[in-house]
DNA sequence: CGGATCTATTCGCCTACCCGCATAGTATGG
DNA sequence: CCATACTATGCGGGTAGGCGAATAGATCCG
């Protein structure tokens with residue numbers, strides 16, 4: 010790792026990450042299937058098989074969604090034998106979801122009528 | 010308004026809003042243009058003209074995005090003379106954005122490489 | 001090694017949604 | 001009231017990203 014790379018990763022860069030990156034971060038939660046999976050994993054470590062059963066869609070689709078959640082830093086994967094186990098390490102993820110749920114609940118009526126966003 | 014409707018709006022329904030609704034809520038922030046507008050308004054009350062200039066897209070498009078943010082409960086509109094002024098009333102909105110920015114910053118590298126989500 | 005699981009990738013299709021442009025609607029001030 | 005901002009809607013086109021189905025790749029156990 011170069012010196013500048015070390016500095017870059019050490020610096021939080023927090024104040025100024027690009028808006029596009031943050032939008033992509035939100036996009037990961039903007040799909041009902043992924044959000045459902047994340048909240049499922051939030052309640053405890055889950056295997057892929059657990060997730061497939063819970064999501065009610067094909068294994069390949071679930072694999073893609075879980076990869077996405079991992080890439081975006083929401084969950085981490087741990088291999089144990091043949092199986093992968095997924096869990097949420099960062100407690101801020103739960104905070105984010107709880108906060109969003111509270112806000113969404115307070116605006117559910119208007120939200121459900123917003124014609125600019127698909128009906129489900 | 011019916012009695013049951015009154016009860017429904019009085020009850021927070023907080024604990025159990027449907028996942029689809031929350032996903033729709035996130036979807037509003039999943040677009041870079043809308044997120045950019047929200048963060049702009051978060052820094053102070055803005056007119057539509059301010060927003061058009063800041064966003065760099067056409068007035069009709071900005072109008073649609075602002076309507077979406079209003080519908081989803083992120084911002085409120087106030088008319089003063091001919092102009093509409095937009096602002097963020099609920100402080101939790103700022104909390105949500107700050108929290109998401111912090112998480113996104115800590116995963117920026119992986120996020121930018123996630124092939125499941127478009128490159129911008 | 002070889003078969004049995006478990007997980008990831010590719011393909012084609014289809015819908016959601018963003019954009020610019022043109023136009024319609026609405027509130028205010030003279 | 002009417003002209004003039006200001007704001008919202010409709011349309012056509014393009015791209016992102018969701019889905020199922022088929023298949024390829026990994027990993028472990030005997």
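Chains as they are written, first to last, in the numbering used here: chain A, 10 to 129; chain B, 10 to 129. Just so it is clear, CB atoms sit at the ideal spot from N, CA and C, and this is done for glycine as well. None of the values given here were measured: they were computed from a predicted structure.
Checklist line | Spatial distance of residue 43 of chain B from residue 52 of chain A (CA atoms) | finding: Counting from one through the second chain, the residue named residue 43 of chain B turns up at place 34. Counting from one through the first chain, the residue named residue 52 of chain A turns up at place 43. Taking the straight line joining both Cα atoms gives about 31 Å.
Notebook entry, point to check: What does residue 28 of chain A touch in chain B if you count any residue whose Cβ is under 8 Å from its own?
Noted result: Taking the first residue of the first chain as 1, we reach residue 28 of chain A at position 19. Neighbours of residue 28 of chain A on chain B, chain order: 41, 44, 45, 48.
Margin query: With the cut-off set at 8 Å, would you say residue 83 of chain B and residue 37 of chain B are in Cβ contact?
Written below: Locating residue 83 of chain B in the second chain gives position 74, where the first residue counts as 1. Locating residue 37 of chain B in the second chain gives position 28, where the first residue counts as 1. It is a contact, given that the beta carbons lie within the stated cut-off.
Check: Closest to residue 119 of chain A by CA distance: which of B:79, B:70, B:39, B:123 is it?
Finding: Numbered from 1 along the first chain, position 110 holds the residue referred to as residue 119 of chain A. Looking at the Cα atoms, B:79 is the closest of the given residues.
Checklist line | Assigned exposure category for residue 69 of chain B - 16 Cβ within 10 Å defines buried | finding: Position 60 of the second chain holds residue 69 of chain B. Burial call: exposed.
Notebook entry, point to check: Under a CB-based cut-off of 8 Å, is residue 70 of chain A close to chain B?
Noted result: For the purposes of this step, residue 70 of chain A is taken as residue 61 along the first chain, with counting starting at 1. Chain B contact via Cβ: absent.
Next item on the list: Pick out whichever of B:112, B:57, B:47 has its Cα sitting closest to the Cα of residue 88 of chain B.
Entry: Translated into positions along the second chain, residue 88 of chain B becomes position 79. It is B:57.
Next item on the list: Would you give the residue range spanned by the alpha helix (DSSP H) that residue 46 of chain A belongs to?
Entry: Taking the first residue of the first chain as 1, we reach residue 46 of chain A at position 37. Run containing residue 46 of chain A: 41-51, per the alpha helix (DSSP H) assignment.
Item checked: Short-range partners of chain A found in the segment 93-119 of chain B, where Cβ spacing is below 9 Å -> 99, 101, 102, 104, 105, 106, 108, 109, 110, 111, 112, 113, 114, 115, 116, 117, 118, 119
Next item on the list: From the DSSP output, in three-state form, read off residue 108 of chain B for me.
Entry: Sequence index remark: in the second chain, residue 108 of chain B carries index 99 (1-based). Helix.
Note to self: Strictly by DSSP, which residues pair up with residue 95 of chain B?
What the structure shows: For the purposes of this step, residue 95 of chain B is identified with residue 86 of the second chain, where counting begins at 1. According to DSSP, residue 95 of chain B bridges with B:55, B:86.
Notebook entry, point to check: Which whole-angstrom value describes the C-beta separation of residue 41 of chain A and residue 113 of chain B, a residue pair presumed to lie in contact below a C-beta threshold of 8 Å?
Noted result: In the first chain, residue 41 of chain A corresponds to position 32, counting from 1. In the second chain, residue 113 of chain B corresponds to position 104, counting from 1. With 8 Å as the limit, residue 41 of chain A and residue 113 of chain B do not qualify as a contact, their Cβ atoms being about 21 Å apart.
Note to self: So, under 8 Å CB-CB, residue 108 of chain A and residue 101 of chain B are touching, yes? Tell me the CB distance rounded to an integer number of Å.
What the structure shows: As a position in the first chain, residue 108 of chain A is number 99, starting the count at 1. As a position in the second chain, residue 101 of chain B is number 92, starting the count at 1. Correct: roughly 6 Å between the Cβ atoms.
Next item on the list: Could you give the DSSP three-state label for residue 62 of chain A: helix, strand or coil?
Entry: Taking the first residue of the first chain as position 1, residue 62 of chain A is located at position 53. Looking at residue 62 of chain A - three-state DSSP - the assignment turns out to be helix.
Item checked: Exposed unless 16 or more other CB atoms sit within 10 angstroms - verdict on residue 122 of chain B -> As a first step, residue 122 of chain B must be located in the second chain, where it is residue number 113. Exposed is the call here.
Margin query: Given a cut-off of 8 Å on the beta-carbon distance, is the pair residue 34 of chain B and residue 81 of chain B in contact?
Written below: Here residue 34 of chain B refers to the residue found at position 25 of the second chain. Here residue 81 of chain B refers to the residue found at position 72 of the second chain. Yes.
Notebook entry, point to check: In three-state terms, what does DSSP make of residue 128 of chain B?
Noted result: Within the second chain, numbered from 1, the residue matching residue 128 of chain B stands at position 119. Coil.
Next item on the list: Helix, strand or coil for residue 27 of chain B, going by three-state DSSP, please let me know.
Entry: Residue mapping note: residue 27 of chain B aligns to position 18 of the second chain, counting from 1. Residue state, collapsed to three classes: coil.
Margin query: Can you pull the chain A neighbours of residue 121 of chain B, defined as C-beta to C-beta under 7 Å?
Written below: As a working note, residue 121 of chain B is residue 112 in the second chain. Those are 30, listed as they occur along chain A.
Next item on the list: Taking residue 73 of chain A as the query, report the chain B residues whose CB atoms sit under 8 Å from its CB, ordered along the chain.
Entry: Here residue 73 of chain A is taken as the residue at index 64 of the first chain, counted from 1. Residues of chain B passing the Cβ test: 125.
Note to self: For the segment 73-91 of chain B, list every residue whose C-beta sits within 7 Å of some C-beta in chain A, in sequence order.
What the structure shows: 73, 76, 77, 80, 81, 82
Check: For a contact meaning CB atoms closer than 9 Å, what does residue 36 of chain B contact in chain A?
Finding: For the purposes of this step, residue 36 of chain B is taken as residue 27 along the second chain, with counting starting at 1. Under the 9 Å cutoff, chain A gives 35, 36, 38, 39, 40, 126, 127.
Notebook entry, point to check: Mapping DSSP to helix, strand and coil, what is residue 122 of chain B?
Noted result: If you number the second chain from 1, residue 122 of chain B lands on position 113. If DSSP states are grouped into helix, strand and coil, residue 122 of chain B belongs with the helices.
Notebook entry, point to check: Buried or exposed: which applies to residue 64 of chain B, given that a residue is buried once 16 or more other Cβ atoms fall within 10 Å of its Cβ?
Noted result: Locating residue 64 of chain B in the second chain gives position 55, counting from the first residue. Buried, since its Cβ has 16 or more Cβ neighbours within 10 Å.
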